[in-house]
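With the UniProt record's numbering as the guide, the letters of the sequence shown map in order to residues 1 to 1188.
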Amino acid sequence: MESAPSVPTDSTPTEPVSNHLPHLTSLSSLNVKATEISEWLNEPLNIEDKDDTNFVLKLLTYLLDHPECSVDEEMENIVKKVINFIFKKTHTKTPDPDYLDTTNAVTDLFVKYANANIPATKEVAFLMTRAVSQYLRDMFKETFTELFGLGITNATTAIEDVFIQNINNPNVLCYVCALPKNNLTKTEEYTKSARALILKKMGTDFLSPKLIEFYRENVNTVDVEFAQQISDALFTPPNLENMKLPIIQNENTRIELLKLLEKYFVIGGFNKELTDNCVNNIKPIQMARVTDATFKKFPFVGLENQGCTCYINSLVQQLYMNPYFRNKLLNVKGNENSVNINAFQKLFTELHETVVRYVDTKDFISHLKGDDGKELNPYIQMDTHEFLTSTLDEIEKELKQIDGQKNIIEECFSGTLSNQIVSKECEHVSETEEKTICLQMSIITFGEPNKTSLDESFASMIKGDELSGDNKYFCEKCNKKVDAVRRSCIKTPPNTLILHIKRFEFDYETMDRIKLNNRYEFPRELDLFKYSAEFLKDPTIENKGDFQFKLVGVLIHLGSLDSGHYYSYIKDQETGDEWFVFNDDLIEKFDLSKLEEQTYGGDATKRFSAYILFYQKVIPIVEKVDVVYPIELKNKVIQDNLSMMSNSVILANCNMSDYLIQQMRFCNNEPNFEFTTTAQVPTQCNKMEIEIQNGVSEQTIRDLIEICVHYELTHATLLMQYPRQEMFQIELLKMVEKYPDIVNTILKSEVEQKENELLKKTREYVISSRATINTLHFFSQIFGMGDKELVIQYAEKLIKFFASVKKTGDSFWRFCLFLRKLCENIRVGRIFQEKLITGVGYISCYNALSCSEKVLKFVPDMSDLYFAFFTALASNYSNLDESSKARSRDVEFLKSTVRWVEKSKNVVNKVEVVEILLRFLKEITKIDILSYIVRTTQILENSKEGLPDVVSRAFVLLSQTIVITSEEEEKATLFLQTMIGEMHGYHYPTENICYVRIVKGMIEKNPFVTQIAQKELLTYIQRNPDEAYRCVLYFNEELKREINELYEHLLGDYVKNVWNEIIIPRLVKEKLGVSFLYEYKGDPCYRLKDSISMLHRVLKKYGTDNFELKFFVDLFTTIITSQRRPNLDYNLLELAALCVDISITHKDLFDAGSLRNINFKQNIWGEEEKRVEKCINDSYVEIMKNID
1 MESAPSVPTD
11 STPTEPVSNH
21 LPHLTSLSSL
31 NVKATEISEW
41 LNEPLNIEDK
51 DDTNFVLKLL
61 TYLLDHPECS
71 VDEEMENIVK
81 KVINFIFKKT
91 HTKTPDPDYL
101 DTTNAVTDLF
111 VKYANANIPA
121 TKEVAFLMTR
131 AVSQYLRDMF
141 KETFTELFGL
151 GITNATTAIE
161 DVFIQNINNP
171 NVLCYVCALP
181 KNNLTKTEEY
191 TKSARALILK
201 KMGTDFLSPK
211 LIEFYRENVN
221 TVDVEFAQQI
231 SDALFTPPNL
241 ENMKLPIIQN
251 ENTRIELLKL
261 LEKYFVIGGF
271 NKELTDNCVN
281 NIKPIQMARV
291 TDATFKKFPF
301 VGLENQGCTC
311 YINSLVQQLY
321 MNPYFRNKLL
331 NVKGNENSVN
341 INAFQKLFTE
351 LHETVVRYVD
361 TKDFISHLKG
371 DDGKELNPYI
381 QMDTHEFLTS
391 TLDEIEKELK
401 QIDGQKNIIE
411 ECFSGTLSNQ
421 IVSKECEHVS
431 ETEEKTICLQ
441 MSIITFGEPN
451 KTSLDESFAS
461 MIKGDELSGD
471 NKYFCEKCNK
481 KVDAVRRSCI
491 KTPPNTLILH
501 IKRFEFDYET
511 MDRIKLNNRY
521 EFPRELDLFK
531 YSAEFLKDPT
541 IENKGDFQFK
551 LVGVLIHLGS
561 LDSGHYYSYI
571 KDQETGDEWF
581 VFNDDLIEKF
591 DLSKLEEQTY
601 GGDATKRFSA
611 YILFYQKVIP
621 IVEKVDVVYP
631 IELKNKVIQD
641 NLSMMSNSVI
651 LANCNMSDYL
661 IQQMRFCNNE
671 PNFEFTTTAQ
681 VPTQCNKMEI
691 EIQNGVSEQT
701 IRDLIEICVH
711 YELTHATLLM
721 QYPRQEMFQI
731 ELLKMVEKYP
741 DIVNTILKSE
751 VEQKENELLK
761 KTREYVISSR
771 ATINTLHFFS
781 QIFGMGDKEL
791 VIQYAEKLIK
801 FFASVKKTGD
811 SFWRFCLFLR
821 KLCENIRVGR
831 IFQEKLITGV
841 GYISCYNALS
851 CSEKVLKFVP
861 DMSDLYFAFF
871 TALASNYSNL
881 DESSKARSRD
891 VEFLKSTVRW
901 VEKSKNVVNK
911 VEVVEILLRF
921 LKEITKIDIL
931 SYIVRTTQIL
941 ENSKEGLPDV
951 VSRAFVLLSQ
961 TIVITSEEEE
971 KATLFLQTMI
981 GEMHGYHYPT
991 ENICYVRIVK
1001 GMIEKNPFVT
1011 QIAQKELLTY
1021 IQRNPDEAYR
1031 CVLYFNEELK
1041 REINELYEHL
1051 LGDYVKNVWN
1061 EIIIPRLVKE
1071 KLGVSFLYEY
1081 KGDPCYRLKD
1091 SISMLHRVLK
1101 KYGTDNFELK
1111 FFVDLFTTII
1121 TSQRRPNLDY
1131 NLLELAALCV
1141 DISITHKDLF
1151 DAGSLRNINF
1161 KQNIWGEEEK
1171 RVEKCINDSY
1181 VEIMKNID
C-alpha cells in the first residue's frame, strides 16, 4: 500500500485548525504516545469536515513514521476508532484525496500491528466485514490479502475465526475467496459453517447465493445427508398439507443450490439417490408452460374467450364483483339438479382462489343452456341482456327446488314497479305492481325526441301516455270514461339496480333492426326518489335516501348489430374506489375520469357505448354475508395453483435444465462435468443402449424420460437463451430410443381425443409462436420413433389441421418448418410426404404457396413448406394419379407456387428453392426433358405473367442435365430452333434470359451440337434481322449481356457481318443512333455497353478487315463533342475504348480538329461517375496522341 504523506515536524504546523492546534503542536515535539492519540480520537470528529479528516490523517502518519511512540496494545484500538470514523463518510463515486489517504494509512497501521492486540484485531476485522461502500470493500480485501500474504500468524488465525462466525456476510465471502489458499488454516471449518448456515436459512430470504457459491467451490466430497436435504428443499412440490414448500423460492438461491447438486453429480457417489429424489418429487407436477404473463397482476383474473363467449364473460364478471350476490350464491347448498348454481359456485371459487391470469371457461359454458334447452354453442354470439335474464331465471328456478332456500335473486336484484293509470277528472288511481330485475331504458320513444340521458328516460317513464278521446280510460269507481295518464314509477328499489339501455331497435323507415350509437349520459350517483310512487303521490314528502345509488359497473358493447364484442368496467366494492376493465382474459386498471369518453357513445364513428348499467344501493337492504367457498372446489383450485407455482419455481429456469442433463448423462452411462457459461455439446448422437446400473431402476429411467419430454414441451421453449438446449435434446433422444412406447403414449394423447382436443400439445407447444427451431426439430425426431399406425393417424390429423389454419403469421412459419422436418425424417418422412400430396394436403399446400396478390404482403417465408411439398412430390411422383401428375407438370403450377419468393427475397435462400424445384423437374422430365421445355415455352407465349426467377433458374439448370446422342441430332435441331426463336421473342426479359441460358447450358453439356446451334442462329438472324437488332441493343441490361455473349460464342468472326449488314444500317437510320442511345435523359446510358464490348473483343480476335470502322469513329466524335452528355455514359465509355484501338491502325478516319478542346465534365460527385469519366478522359488523351 502507499504510505500516507509525512506530517511536518517543525514547530509550526501547516494551516492548523484552531481546535486541533494544541494537539498538532504537541506532535511536533515527537514525545506524544499512542495512548494520548487514542484519547484525542475520542473527541468529536466529523469525517465530512476536511480539517478533521486532515487532522486524523496527520495522527496516523505520525504513528507510522514514529514507531518508537507506539504502544502495541493500543494500536488496534486506534485503528478501530479511525475505521468507525471513516465509516461515517457519505458514499460518493469518487472519494476525496484526504479520505483516500486516511483509509490507506489506517489499513497500513492495521497490518503493521495486527499481532499486537489479538482481541482488538478481531474487533477491527469484524468492523471491516461491515463495509458498505465498494471502495472500502476493495481496500479491506487488499488489506487482508496483504496480511495473510505475510504468513500464518496469531492474527490471521483469529481473523479466520471472525470470518467463520460471519460466513453469511457477502463481504466475508469476498475477502476469503481473495486470500492465498496456502495460508488458510480452517478451510474445513469454513465449509462446515457455510453448510450450517445454508441449512438454517434455507427457507428464508436471507440465504446469500454467495455463501452457496463459496461452499460449492470449496467442497470436494459428497455430503449425502446435506445433498438429500437440498434436493428435498428444491424439488418437493407444495401441497395442501404443506403449502410453504418448496422451501427455496428465491431464484438466485435455487440457481446456486442446483449448481451445487450438479457438482455432486460430478464428484459422484450419490447420483442414484439424487436422481430418485428429483424424479419422485417432480413426477406429480402437472407440467404446463409458465411465464411471468401466466400469473395475475391484479387482485382479479380474467375469463378465457372460447370463441364468441365475450357476452358471457362480461356479465359473469359483473355478477362476481357484486359481493352481495356472490357471497349469498356461494353459501347455497345445491343438489344434483342445481346445474347453474354449481357451475357458478365452481367458477366464482376459481376466480377468487386462482393465481393465474385467467380462468378456463370450457367447463362452465358446457353446463349452460339456451332458451331451447340445448347446450350453448361457444362459437355463436348472443345478446348479453338476454343471457342475463335467462341465467338469473334458471338460477331462480333451481333455488326454488332447494328446501328452505331463500330466493337470493329476488333479494339482490328484484325491485317493484308501480304501473299506474291516473285519472285527470277524478282522484282515483288504478295501480298494479310488477316485480322486475332489469329495467329497460329506451333511447327512442314513439312520438318523443330521442333520449340523451338516464334522467330523460326515467322522466319519460313517469310522464307516461295520454289516454283520451277514443282511448279514454273507464274509471270503475266513477263508472265513466275519463281522460287519464298511464305511467310507471318505482315502488321499492332493488339492492342492485340493473338498467338495460336499449341500443338495438327496429327502424320503421328501413324496416330493419339497427344499433343506436347515440350519446347517452348517466350519472355516477343516481337518486331515483323523484321517480318513486311515494314522491309522485306527495311531492312534499321527505327524501330519506332510500332511493340513492352509486354506479358500480358498466357493460359495454363494441361493434354493430351483426357483430361486436362485450367487455365491462367494474368498481371494486370491497377494497376501495378502484375501477378495472374486464376484457375476457385481460384485466387492467381503469381511469374513471375517462368514463364519459369510453361509455357514453356519440355517433356512428364511436362504436363502443354502455349497454347495461349496474348501480348499488347506498344504504343496502341486503346483508353482506361472510363467504364460504366450497372446500372441495377451493382445494382443487389451490392444488392447481400450487402446481402452477411449482412449474414456475421448480422447473422454469436454465439451471434446472442443466440438472436434468446431469441425470440423463448419469442414466446414459456418460461422464458428468460442471457446466460453464459456454455451451458444451457432444459431437455425436449415436444410439446408445441404456444399461441399468448403480441401482437406477427402469421405472426411474422411464419417469425421467417422461419428465424430460414434457419439460421440453412446456419449459425448454421458454428458455430462449439456454445455451445447452441441443445437448439436452441429444441426451433425451438417447434415452427415448430405448423406450419408444413413451412416444406412443404422447401420440395417442394427440390423436385419440375429441375434435377440439386433437393435437393439443402440438398446437400449444410445438407449432406455437414461441417454439424454437431446436424444439421443432426435436419433436419431429421424437414423433418419428412412434408406432407406424399411430404416426399415420398423427400425420392425417396434422395435415387436416394444417388445411384449416390461417396461412399467415409466425406460427404458420413454424408449422411449415415442422412439416418439413417431419417429411425429412428418415424413419417416417415417407408417411408425411404421402399425406402432404394427397387430398386436403395437396390442396392446402397448393393454395398456400400460390397465394393471391391481395394477401401476398402478409405471407411469411414459406420456403420450408415449399421444400416439404416439392420434396414429397419428387419422391412420390410415380405414385400420383394422372390428374395430379398433369397438374404438377403445368408451368402455371410452377409459377404460382413460387410467387411468394419475390415478396420474401430478403429472408429466403433462392438457391435452396431452385435446388428443390430442379429435383422435382428432373423427376417429371425423366422421359423427355426437351419436349417438356418446348411445351413450356408454348404455354409461356400466352402467359400474362413473366417466368419467375426461381423457375427460370431451375429450367436453366435442368438444361445442363440434357445429354444428346448422335441419334437425337434431329430432335436437338428442333429444340434449338425453338429456343433460339424464343430467346429473340417478345417475352418478359426473365423468360428471354432463361432461353438464352438454356441454349448455353445445352451447348456446354453437349459440345458437338455447337455447330447445329451456330447454323440455326445464323438462319434466324438472316430471316429476322429486326429481332436480332432489337435484342443486341435491347434496353434490358442482363438480357443484352447474355445474348451478346451467345452471339460471340456461336458466330465468332461473323459478328462483323451482323454489324455491317444489320446493326449499323439501322443505327444510321436513327441519325447516327444518338437519339436512340440517349432516349432516356438523366438515366445511365448503356445501350452500347455490352454490344460494343462484345464487338471489340471480336475485332481484337479476328481483325478489322472488311468492317465499317468509320461509323464508330463518327459516332464517338458526335457523342464526345455533345454538350448534353449524361454523367454516367457507358455508351461513350465502350466507344472510346474501341476507338483507341482504331486510332492505332486507322488514324486517318479521325478528324483531329473536331476532337480538340473537348471540355470534360467537372464537379462529378458519385464514385462510379468519376471512374467512368476518368476512363473516357484517358481514352480520349490516348486517341489524340495516336492521331496527332
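We put the CB at the ideal spot given by N, CA and C, even for glycine.
The three-state reading of DSSP puts Ala233 in helix, counting H, G and I together.
In the structure shown, Cys489 adopts extended strand secondary structure according to DSSP, grouped into three states. Sequence-distant partners of Thr157 (beyond 5 residues in either direction) whose C-beta falls short of 7 Å from its own C-beta, in its chain, are Thr185. According to the DSSP assignment, Ser423 belongs to no alpha helix (DSSP H) but to the beta strand (DSSP E) extending over Gly415 to Ser423.
Per the DSSP secondary-structure output, Ala610 pairs in a beta bridge with Ile556. The beta carbons of Asp98 and Asn54 sit about 6 Å from each other, so the pair counts as a contact at 8 Å. The DSSP assignment places 863-876, 882-889, 891-896 and 899-903 as complete runs of the alpha helix (DSSP H) inside the segment 855-917, in order along the chain (cut-off: 4 residues).
Of the other Cβ atoms in all chains shown, fewer than 16 fall within 10 Å of the Cβ of Lys589; this residue is therefore exposed. The residues Tyr866, Phe867, Phe870, Thr871 and Ala874, in chain order, have a CB closer than 8 Å to that of Ile916 in the same chain once the five nearest residues on each side in sequence are set aside. In the three-state DSSP reduction, Ile570 falls in the strand class (E or B). Residue pairing by DSSP places Lys515 opposite Phe504 in a beta bridge. Under the three-state reduction of DSSP, Tyr711 is assigned to helix. In the three-state reduction of the DSSP assignment, Asp65 falls in the helix class. In this structure, Leu561 lies near Arg513, with their beta-carbon atoms less than 8 Å apart. Fewer than three beta-carbon pairs drawn from the segment 315-333 and the segment 533-550 are found closer than 8 Å, and the two stretches are therefore not classed as touching.
Taking 4 residues as the minimum length, the alpha helix (DSSP H) runs contained wholly in the segment 96-122 are 97-112, in order along the chain. Shown here, His1146 sits in coil according to DSSP, grouped into three states, outside any helix or strand. Counting C-beta atoms within 10 angstroms of its own C-beta, Leu347 has 16 or more neighbours from the protein chains shown and is therefore classed as buried. Beta-bridge partners assigned by DSSP to Lys369: Glu375.
For Ser593, no beta strand (DSSP E) segment is defined, and its DSSP state is neither H nor E. A direct Cα-to-Cα measurement between Arg935 and Phe920 gives close to 17 Å. Taking one beta carbon from each stretch, the segment 247-265 and the segment 215-225 have 3 or more pairs nearer than 8 Å; the two touch.
The DSSP-derived three-state label of Phe580 is strand. The continuous beta strand (DSSP E) containing Lys435 extends over residues Val429 to Thr436. Per the Cβ contact rule, the segment 149-167 is in contact with the segment 178-192 (3 or more Cβ pairs under 8 Å). By the C-beta criterion, the segment 830-837 is judged to be in contact with the segment 790-800, since at least 3 inter-stretch pairs fall below 8 Å.
In this chain, the beta strand (DSSP E) harbouring Val482 covers Lys480 to Val482. For Pro1025, the closest of Met1094, Ile964 and Gly981 by C-alpha to C-alpha distance is Gly981.
Here the C-alpha atom of Arg486 lies approximately 13 Å from the C-alpha atom of Glu433. Under the three-state reduction of DSSP output, Val625 falls in the coil class, being neither helix nor strand. In chain order, Leu1149 place their CB closer than 6 Å to the CB of Lys1110, counting only its own chain and leaving out the 5 sequence neighbours on each side. Minimum Cα-Cα distance from Leu454 among the listed residues Cys816, Thr990 and Tyr600 corresponds to Tyr600.
Minimum Cα-Cα distance from Arg1125 among the listed residues Val1172, Lys800 and Asp810 corresponds to Val1172. When DSSP states are grouped into helix, strand and coil, Asp52 belongs to the helix group.
Residue burial annotation: Gln345 is buried, with at least 16 other C-beta atoms found within 10 angstroms of its C-beta. Straight through space, the alpha carbons of Thr236 and Asn672 are spaced by roughly 24 Å.
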